[in-house]
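Here's the structure, in structure tokens; my notes come after.
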Amino acid sequence: QVQLVESGGGLVQPGGSLRLSCAASGSDLNIYTMDWYRQAPGKQREWVARITTDVSTYYAGSVKGRFTITRDNAKNTVYLQMDSLKPEDTAVYFCNAKATAISREYWGQGTQVTVSS
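Heads up, the final residue of the sequence shown is numbered 127 in this note's numbering, and it's a clean run with no missing numbers.
Printed below as a string of structure tokens:
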């Protein structure tokens, strides 16, 4: 069983930055592909970014060039650096751990990000 806890959300002005963290306990994250998702009020959850076990990274078009996903396996933590934030980035951000080889998938509880002046 893996427990994921997101942190680092908050209120930031447009153009500002935040770094989200997703800390895992209960298992090593190095076998999991890690994703960040977000869900804005009244909208479906959407995928934001992915980092694979071999540290390949992928981004949604709406955040490419502004967000950076990284992982620190020694700290069992995944990060999402968010720069040049826009009001449309306002959402609850969730991290997801997936290991298809062992049919395991876990979600965190989410952290609120609000971009507003």
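We treat Cβ as the ideally placed atom computed from N, Cα and C, and that holds for glycine.
In this text, all values refer to a predicted model and were calculated from it rather than measured experimentally.
How far does the beta strand (DSSP E) with residue 20 in it reach, from first residue to last? 20-22
Could you tell me which residues DSSP puts in a beta bridge with residue 42? Answer by DSSP bridge pairing: none, since residue 42 is not bridged.
Only counting the same chain, and skipping five residues up and downstream in sequence, which positions put a Cβ closer than 6 Å to that of residue 23? 127
What three-state label does DSSP hand residue 101 in the structure shown? Residue 101 sits in a strand when the DSSP states are folded into three classes.
I'd like the list of long-range same chain contacts for residue 102, defined as Cβ closer than 6 Å, with 5 residues on each side in sequence excluded. 49, 120 and 122
Given a cut-off of 7 Å on the beta-carbon distance, is the pair residue 92 and residue 104 in contact? no
Are residue 56 and residue 118 touching if we call contact CB-CB under 7 Å? no
By alpha-carbon positions, which one of 90, 113, 82 and 73 ends up nearest to residue 96? 73
Mapping DSSP to helix, strand and coil, what is residue 84? Residue 84: coil per DSSP, three-state reduction.
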